[in-house]
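15 is the number of the first residue of the sequence shown in our numbering; add one for each residue after it.
By construction, the Cβ of each residue, glycine as well, lies at the ideal position given by its N, Cα and C atoms.
Taking it in order: structure first as structure tokens, then the write-up.
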Amino acid sequence: MTAWRDLPGSERAKYLYRIARALQERAREFAVLESMNGGKPIKESRDVDLPLAAAHFFYYAGWADKLEYAFPAMTPTPLGVAGQVIPWNFPLLMAAWKLAPALAAGNTAVLKPAETTPLTALLLGEVIQQADLPPGVVNILTGAGATGASLVGHPDVDKVAFTGSTEVGKQIRRAVAGTSKHLTLELGGKAANIVFEDAPVDQAVEGVVNGIFFNQGHVCCAGSRLLVQEPVFEELLEKLKVRLGTLRVGDPLDKNTDIGAINSRAQLEKIGELVARGVEEGAIMYQPPCDLPDRGFWFAPTLFTGVSQSHRIAREEIFGPVLSILTFRTPEEAVEKANNTPYGLSAGIWTEKGSRILWMAERMRAGVVWANTFNRFDPSSPFGGYKESGFGREGGRHGLEPYVRLEPVS
Ligand code: NAP
Ligand code: MG
């Protein structure tokens with residue numbers, strides 16, 4: 015049997031297209047399972063996770079037979095075995111982000127989903143079997159952190175790709191130091207969503223809400239720090255409070271739910287602890303009246319005003335439905351505050367002025383900058399961080415690079 019890496023790219027593409035189509039065909043089943051898996055609202059798993067996961071396989075299927083064009087004047091060859099460790103916030107989508115480029119480029123993969131969210135990765139494994147991929151090309155390995163550590167440390171792994179916390183990212187970096195393993199890390203974030211006084215306010219309110227409450231705020235690129243220009247602060251805050259009052263928290267499988275369940279008890283405790291710290295440090299908390307179900311892990315949508323840059327809620331990734339609001343006067347001050355973080359994954363800019371968007375985007379130390387929108391993803395668009403948000407890009411042509419060795423065409 016021909017090895018996966020030696021198949022013509024057009025043959026590898028066929029398998030990837032099959033996986034993409036199967037994800038579309040079984041989208042409902044996957045969406046329900048994903049909401050049961052991690053607690054996210056069904057309208058998000060249905061409208062975001064599933065379409066994007068399928069799109070990712072379609073997109074990289076398209077590259078599989080065009081790798082020589084992805085890297086002009088270079089000859090790309092696969093690295094070998096990719097060891098991939100993913101988190102619980104987008105269990106299927108992260109599996110797609112990891113597997114699709116690795117396979118397109120001719121690598122094989124061992125993927126470890128998070129302990130709390132293995133279900134959709136396992137169903138994807140079944141889809142991959144049905145797509146008739148050669149045995150051993152994709153391996154799904156369930157288990158906890160220790161399993162991830164064994165995978166990362168395994169001598170036969172040539173490339174490690176990790177998405178998760180900065181803390182574990184640092185451990186992994188130490189673990190592969192001094193080996194020939196290639197490494198990419200996609201870690202945490204504390205993104206600034208910046209609203210200027212000339213922004214369309216109602217649109218900005220929607221963008222801010224989506225930015226922090228999408229997926230219960232379990233999003234590495236969440237807009238968790240809102241920076242508002244002083245003249246529009248009062249108006250924006252009033253509108254945000256009203257909008258928060260309309261968010262429905264509860265059953266992830268109910269199509270009307272906006273905010274689903276917190277993924278685990280541990281994550282709920284972490285959110286609660288940081289919120290308590292925010293109150294202790296003197297920030298002012300606001301939560302709308304909100305009925306939470308009696309069973310399960312829930313957290314009401316939360317705003318903090320009176321936040322200063324030194325507060326923990328302004329510095330640390332909360333990874334929950336909690337927004338810290340700060341103000342600024344000038345664009346220079348917005349830049350300084352936005353970049354005043356060890357992270358650098360994403361940023362949002364809300365303004366009517368195109369020139370200001372460009373001026374700001376140039377100055378944001380963030381891998382992704384959205385303008386007058388937030389949390390938009392597309393498989394053709396690279397995603398990744400600066401500083402403690404990690405390195406390496408996923409998505410787009412850039413997303414192939416971590417999975418190939420490049421040599422000049424001889
Ligand atoms: P995490 O510990 O970094 O987990 C991410 C993945 O790494 C999981 O599959 C995890 O397995 C695995 N893992 C844990 N320890 C490992 C080790 N020593 N070597 C290799 N793999 C290991 O993240 P978490 O504990 O679930 O969440 C903690 C915080 O991380 C969150 O509060 C949030 O701030 C951040 N986070 C960021 C992202 C992101 O997308 N950037 C995603 C999730 C969490 P187990 O889950 O089975 O332990
Ligand atoms: Mg952990």
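Of the residues the options, the one placed nearest residue i, counting alpha carbons only
i           : options            : result
residue 352 : 239, 400, 295, 72  : 239
residue 164 : 178, 124, 72       : 124
residue 155 : 72, 169, 127       : 127
residue 389 : 278, 368, 363, 69  : 363
residue 161 : 99, 385, 402       : 99
residue 306 : 208, 342, 262      : 262
residue 294 : 321, 393, 333      : 321
residue 299 : 92, 319, 310, 143  : 319
residue 76  : 225, 250, 28       : 28
residue 198 : 423, 216, 401      : 401
residue 387 : 396, 88, 419, 365  : 365
residue 227 : 333, 140, 243      : 333
residue 284 : 129, 327, 302      : 327
residue 47  : 137, 373, 375, 282 : 137
residue 408 : 114, 16, 87        : 114
residue 168 : 303, 254, 129, 186 : 186
residue 377 : 358, 60, 70, 200   : 358
residue 143 : 244, 92, 340, 37   : 37
residue 26  : 196, 418, 78, 330  : 78
residue 135 : 146, 56, 109       : 109
residue 101 : 91, 213, 278       : 278
residue 225 : 201, 410, 132, 391 : 391
C-beta contact flag for residue i and residue j at 9 Å
i           : j           : result
residue 246 : residue 220 : no
residue 166 : residue 190 : yes
residue 206 : residue 344 : no
residue 230 : residue 94  : no
residue 153 : residue 19  : no
residue 412 : residue 399 : no
residue 335 : residue 50  : no
residue 236 : residue 274 : no
residue 286 : residue 325 : no
residue 68  : residue 35  : yes
residue 403 : residue 383 : no
residue 112 : residue 177 : yes
residue 233 : residue 103 : yes
residue 209 : residue 241 : yes
residue 41  : residue 65  : yes
residue 44  : residue 393 : no
residue 117 : residue 63  : no
residue 416 : residue 88  : no
residue 462 : residue 371 : With the chain running from 15 to 424 in the structure shown, residue 462 is simply not present.
residue 302 : residue 315 : yes
residue 342 : residue 243 : yes
residue 4   : residue 414 : This structure cannot speak to residue 4, because the chain is shown only from 15 to 424.
residue 96  : residue 175 : yes
residue 91  : residue 418 : yes
residue 276 : residue 311 : yes
residue 74  : residue 30  : yes
Neighbour-count burial assignment, residue i, 16 or more Cβ in a 10 Å radius
i           : result
residue 271 : buried
residue 427 : What is shown of the chain runs 15 to 424, which leaves residue 427 out entirely.
residue 288 : buried
residue 218 : buried
residue 420 : exposed
residue 337 : buried
residue 260 : exposed
residue 24  : exposed
residue 173 : buried
residue 424 : exposed
residue 256 : exposed
residue 425 : Because residue 425 is not part of the residues shown, which for the chain are 15 to 424, the question remains open.
residue 252 : exposed
residue 213 : buried
Cross-strand partners of residue i (DSSP beta bridge)
i           : result
residue 207 : 240, 362
residue 419 : 91
residue 384 : 362
residue 122 : 95
residue 322 : Residue 322 is not bridged to any residue.
residue 7   : Because residue 7 is not part of the residues shown, which for the chain are 15 to 424, the question remains open.
residue 152 : 123
residue 176 : 99, 199
residue 338 : 239, 318
residue 300 : 317
residue 289 : Partner(s): none; residue 289 has no beta bridge.
Chain E within 9 Å of residue i, Cβ atoms only
i           : result
residue 213 : Although the question refers to chain E, the structure presented lacks it and comprises just one protein chain.
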